[in-house]
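Engineer:
Residue numbers (our numbering): 70 to 634.
Structure (structure tokens):
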């Protein structure tokens, strides 16, 4: 049976350059005539998916339904042999990575802007993942971008919209379509990784003195949370909240940090919840937070690495290596040294971890931006990290005294063993691009001339001073594909081992975002009083010096950051 293929004339749009996080713009930009169609056609022009299998899904944000139908029409017209689509077009980013790998798909198109707000006046995104389940590398995204600059037409199948609400096998034009349960394959994956019987036994035994609360922030992870925490681990329905995915995330900001996940923080503190966790819009980020105990993402990945032997997956595979993004604190480096395994410092972007995983040199990794994961897939994985913590806590309590070992006890034990990397990030969102570029230019000039070397900067509010040791712009030479990534962030190190990092972020949809990272290491011999103090107190002087050196407030016109984590 033949199907009519229409060719629609179009013209290029400027600025359709995707990063590893895809193309992110306001919804209204994607709704422009032929804007989405142009980008989707450019993907198929760049990847040659004729007769191939393509996975499609996303976080269900506003405009997702329309985008899935556009992908179907254009993909089928370009010869895609089969689509695998999450029911209702829904797949978390980690679940999509798993589906691509499990069913040996050619790649996947993910509809998400991750942790950015959704709704008709907010953000949308389209991202292409390759056959290993991870974000497309630069050689692919650059090819897509080049296609967007010269596009003259796109092709569509003349067919009615496909009903995405029914699980099963169908045809769309000449293409086969499998609509799958969005949650099933991912739940099976986690059951193969973690000790679910041990976790369930611990939770059953401590129903009164260890309460759990997971907050989906009305993102994609709600159904996954219900399947895992309620159906599999037997927790009550009250242990999950905001777990109905909404196109606008309930009007909130689906970013699991202390500022935007206030719905979790408030309930945890008010109701004395022992273990709280949240995930973001597309499910690849996480936050761990218990009563009076916030776990920084840097500490979280280090603790998971330290306790890896308690997780069945790593008992079987071993820990091949550890890694972190450059801005992330060096807490995991100390674990790697103790375990005698490689530790990698890579630029921000999960594709760099993927290269190491594919080469069998990396098992556990993390980014300070609330992304944690392992080589089970090729994306960061929020729910995986939450279950990892539950597995670790259950294991830690097997031989514990009557008092329950929880988040705070694990944190303090880790600091007493390795010391503590006090760490914080200041985000200045949607600031003037001109001001941000002037800040970066100032730092680059200081790096080029060495003008900051050996300069001493007083911390007026706390006393003492910081002496600059080195300044550099981080560059990474990938040990696997030998690619070089330059200009990945300006770094200032101090003689006491402290450091500050400045980065311009590309994950927003408009304006510029400047991120300031501050890290100060305190060794274990400093004692509990110093190791267990408040983060803000431990970093106050260093932050003051960082702001002074960079003239950040002057350039950005902001007295306070948008978000502190």
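Think of the CB as a built atom: it goes at the ideal place given N, C-alpha and C, for glycine as much as any other residue.
Being a predicted model, the structure only gives us computed values, none of them experimental.
#1: Would you call the stretch 257-269 and the stretch 456-475 touching, i.e. three or more CB-CB distances under 8 Å?
#2: CB residue 491 to CB residue 572, shorter than 9 Å?
#3: Is the distance from the Cβ of residue 365 to the Cβ of residue 554 below 9 Å?
#4: Quick one: residues in its chain with C-beta nearer than 6 Å to the C-beta of residue 145, no 5 flanking neighbours on either side, listed in chain order?
#5: Just confirm the distance between the C-beta atoms of residue 90 and residue 216, as a whole number of angstroms; I'd bet it's less than 8 Å.
#6: Given residue 370, which residues of its chain have a CB within under 6 Å of its CB, disregarding the five upstream and five downstream residues?
#7: Could you tell me whether the Cβ atoms of residue 157 and residue 188 are closer together than 9 Å?
#8: Do you know offhand how far residue 522's Cα is from residue 620's?
#9: Find out if the Cβ-Cβ distance for the pair residue 347, residue 285 is shorter than 9 Å.
#10: If you measure between the beta carbons of residue 636 and residue 319, is that distance less than 9 Å?
#11: From what residue to what residue does the alpha helix (DSSP H) around residue 265 run?
#12: Exposed or buried, what is residue 446 when buried is set at 16 or more other beta-carbons lying within 10 Å of its beta-carbon?
#13: Contact defined as beta carbons within less than 8 Å: I believe residue 93 pairs with residue 194. What is the distance between those atoms, to the nearest angstrom?
#14: Based on DSSP bridge pairs, tell me the residues matched to residue 535.
#15: Which same chain residues end up closer than 7 Å to residue 429 when comparing Cβ atoms and leaving out the 5 residues on each side of it in sequence?
#16: In the DSSP assignment, find the unbroken alpha helix (DSSP H) run with residue 214 in it and report its ends.
#17: Looking at the structure shown, is residue 408 part of a helix, part of a strand, or coil, going by DSSP?
#18: Specify, as a first and last residue, the run of the beta strand (DSSP E) that residue 193 falls within.
#19: Mark residue 76 as exposed unless 16 or more other C-beta atoms lie within 10 angstroms of its C-beta, in which case mark it buried.
#20: Might you give, ordered along the chain, the residues of its own chain that have their beta carbon closer than 8 Å to the beta carbon of residue 352, omitting 5 neighbours on each side?
#21: Tell me the residue span of the beta strand (DSSP E) that contains residue 244.
#22: Could you pull the start and end residues of the alpha helix (DSSP H) that residue 234 belongs to?
#23: Taking residue 112 as the reference, which of 327, 74, 175 and 73 has the closest Cα?
#24: Report the CB separation of residue 337 from residue 359 in whole angstroms; it is logged as a contact under 8 Å.
#25: Would you identify the three-state DSSP class for residue 598, choosing helix, strand or coil?
#26: Using 9 Å as the threshold, is the C-beta distance between residue 505 and residue 583 below it?
#27: Considering just the uninterrupted stretch of the alpha helix (DSSP H) at residue 103, what are its terminal residues?
#28: Can you tell me whether DSSP reads residue 135 as helix, strand or coil?
#29: What I want to know is whether the C-beta of residue 171 ends up closer than 8 Å to one or more non-hydrogen atoms of the ligand HEM.
#30: Give every residue of the same chain whose Cβ lies closer than 6 Å to the Cβ of residue 577, excluding the five residues on either side of it in the sequence, and list them in chain order.
#31: Would the stretch 251-264 count as touching the stretch 202-216 if we require 3 or more Cβ pairs under 8 Å?
#32: Under 8 Å by Cβ, that's how I've got residue 54 and residue 325 pegged, so tell me the actual separation to the nearest angstrom.
#33: Measure the Cβ-Cβ separation of residue 251 and residue 159 and say whether it is below 9 Å.
#34: To the nearest angstrom, report how far apart residue 357 and residue 201 are at their CA atoms.
#35: Which residues share a DSSP beta bridge with residue 562?
#36: Using three-state DSSP, classify residue 395 as helix, strand or coil.
Structural biologist: Taking the geometry as given:
#1: Segments in contact, yes.
#2: no
#3: With respect to residue 554, residue 365 sits apart: the two C-beta atoms are not nearer than 9 Å.
#4: Within the same chain, and ignoring the five residues on either side of residue 145 in sequence, the residues whose Cβ sits closer than 6 Å to its Cβ are 226, 241, 242 and 244.
#5: Contact doesn't hold; Cβ gap of about 19 Å is too wide.
#6: If we look at residue 370 and ignore the five residues flanking it on each side, its Cβ neighbours are 401, 435 and 441.
#7: no
#8: 17 Å
#9: Result yes, Cβ atoms of residue 347 and residue 285 sit closer than 9 Å.
#10: Only positions 70 to 634 of the chain appear in the structure, and residue 636 is not among them; the question remains open.
#11: 265-274
#12: buried
#13: Confirmed, Cβ separation roughly 4 Å.
#14: 526
#15: Listed in chain order, the non-local C-beta contacts of residue 429 below 7 Å within the same chain comprise 389, local neighbours out to five positions each way being set aside.
#16: Run containing residue 214: 207-219, per the alpha helix (DSSP H) assignment.
#17: helix
#18: 192-198
#19: exposed
#20: 128, 161, 162, 163, 164, 288, 289, 290, 293, 450, 451 and 452
#21: 244-249
#22: For residue 234, no alpha helix (DSSP H) run applies, since DSSP gives it neither H nor E.
#23: Per the Cα distances, 175.
#24: 7 Å
#25: helix
#26: yes
#27: Run containing residue 103: none; DSSP gives neither H nor E here.
#28: helix
#29: No copy of the ligand HEM occurs in the structure displayed, which carries no ligand at all.
#30: Note that residue 577 scores a pLDDT of 48, beneath 50, so its modelled location is shaky and nothing firm can be said.
#31: no
#32: For the chain, the structure presents residues 70 to 634; residue 54 sits outside this window and is missing.
#33: By the CB criterion at 9 Å, residue 251 and residue 159 fall inside the cutoff.
#34: Cα to Cα, residue 357 sits roughly 28 Å from residue 201.
#35: Residue pairing from DSSP places residue 562 in a beta bridge opposite 539 and 568.
#36: coil
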